[in-house]
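In the working numbering, the protein residues as written are 1 to 152.
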């Protein structure tokens, strides 16, 4: 069961029912949208691979996963810094902004990794799931629906 299905069964079911071509379109559209908001190194290579239909294991896909893990480590360090700052009675505004930025960068890399999944349904489901941590739910749902309806 996909992680998206556990959180938003209606969207997950609609993606599954849409078929392979529409699933690839959802994965590509959501990926491009997110990467426009959260720029990452390797974005152009990823978009070129998606456009060329180069799915599955590749050095690019492995690199994206590694970058996501590294960005998540940065997020965890910021969380530790926030905890220490709170204990010390210091303002955490800047640290929280950094934590959120690293969270989004990590999610964007993992989203990009999933966009290249060889299984089109898994790719679309996981891309939408990861995007749900970056985008407003109504904006994300509207983007998915517009893509499935051929309006994107």
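All C-beta atoms in this analysis are idealised placements derived from N, C-alpha and C, irrespective of residue type, glycine included.
No experiment lies behind these values; they were computed from the predicted model shown.
DSSP places residue 59 inside the alpha helix (DSSP H), whose first and last residues are 59-88. Residue 8 carries a coil assignment under DSSP once its states are collapsed to helix, strand and coil. Annotated three-state conformation of residue 93 is helix, per DSSP. Counting only the Cα atoms, residue 113 lies some 8 Å from residue 62.
Membership of residue 47 in the alpha helix (DSSP H) is indicated by the continuous run 43-52. Spatial neighbours of residue 148 in its own chain (CB-CB distance under 6 Å, excluding positions within 5 residues in sequence) are listed in chain order as 18, 22. Annotation for residue 46: 112 place their beta carbon closer than 6 Å to its own, counting only its chain and skipping 5 residues before and after.
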